[in-house]
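Undergrad:
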Amino acid sequence: MYTAPSHDEIIKNLKRTIEVAARAKALGRHPFGSIVVGPEGNVIAEQGNIDTVNHAESTVARTVFSNYSQSYLNRCTLYTSFEPCAMCAGTCYWAGIGGVVFGATEKRLLSITGNHDANPTMSMDCRQVFSAGQREVQVFGPYPELEDDIVADHLEFWKSH
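Numbering (full-length UniProt numbering), first residue to last: 1 to 161.
This is the structure we're talking about:
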């Protein structure tokens, strides 16, 4: 059974996604970061963005799907700096992850990237994707108290790319 994380756990783990996103940016990739936290509170996987079709969230979801049982993943939480796009939300759903926490919304990302060829942001709330499924995925976010930290790397990155 899935147990929702506390507010303190959410903030701590979202801060880790910001660090993972900064590492992706340092490697020349889009500054997105995602981690998966097990029911014991430990990080079991983390991933920065790879490219336009290998987002941090979908890549880390595929990694944990290949390494953990469904019953375990149903009790895990995926944390990500920005709200998962439709592709990433779908991958989280199919991987069997029990909860998703995001720091800033897809709409906020669109306000930063605009109509950028490398990030054609979709206007689809991840809750809409999850609601179309047959199993519940608990969603938490956004967290405005972290938005400035989350968007900082993006403001600089998308101006220069």
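For every residue, glycine included, the Cβ atom is placed at its ideal position computed from N, Cα and C.
Every value quoted in this text rests on a predicted model; they were computed, and no experiment measured them.
CA-CA distance, alanine 22 and arginine 135?
TA: 33 Å
Undergrad: Would you tell me roughly how many angstroms separate the C-alpha atoms of arginine 127 and serine 66, rounded to the nearest one?
TA: 24 Å
Undergrad: Between threonine 17 and phenylalanine 32, what straight-line distance do the alpha-carbon atoms span, to the nearest angstrom?
TA: Threonine 17 and phenylalanine 32: Cα-Cα distance of roughly 8 Å.
Undergrad: Determine the extent of the alpha helix (DSSP H) in which alanine 104 is found, giving its start and end residues.
TA: Unbroken run through alanine 104 is the beta strand (DSSP E), 99-104; no alpha helix (DSSP H).
Undergrad: Which one of Gly38, Tyr2, Ala89, Ala104 has the shortest CA to CA distance from glycine 133?
TA: Ala89
Undergrad: What residues in its chain sit with their C-beta under 6 Å from that of glutamine 70, if we drop five residues either side in the sequence?
TA: So the list reads Gly96, once near-sequence residues are dropped.
Undergrad: CA-CA distance, tryptophan 158 and leucine 27?
TA: Whole-angstrom Cα-Cα distance: 15 Å.
Undergrad: Could I get the ranges of all uninterrupted alpha helix (DSSP H) runs contained in the UniProt domain "CMP/dCMP-type deaminase" (8-117), with 4 residues as the minimum, in chain order?
TA: Listed in chain order, the complete alpha helix (DSSP H) runs (minimum 4 residues) inside the UniProt domain "CMP/dCMP-type deaminase" (8-117) are 56-67, 70-73, 86-95, 106-113.
Undergrad: Please list, in chain order, all residues of the same chain as threonine 63 whose beta carbon is under 6 Å from its beta carbon, the five residues on each side excluded.
TA: Excluding residues within five positions, the ones whose Cβ falls inside 6 Å are Ala45.
Undergrad: Over the uninterrupted alpha helix (DSSP H) stretch that includes valine 129, give me the two end residues.
TA: Membership of valine 129 in the alpha helix (DSSP H) is indicated by the continuous run 126-131.
Undergrad: Under a Cβ-count criterion, where at least 16 other Cβ atoms within 10 Å of its own Cβ denotes burial, should threonine 91 be classed as buried or exposed?
TA: buried
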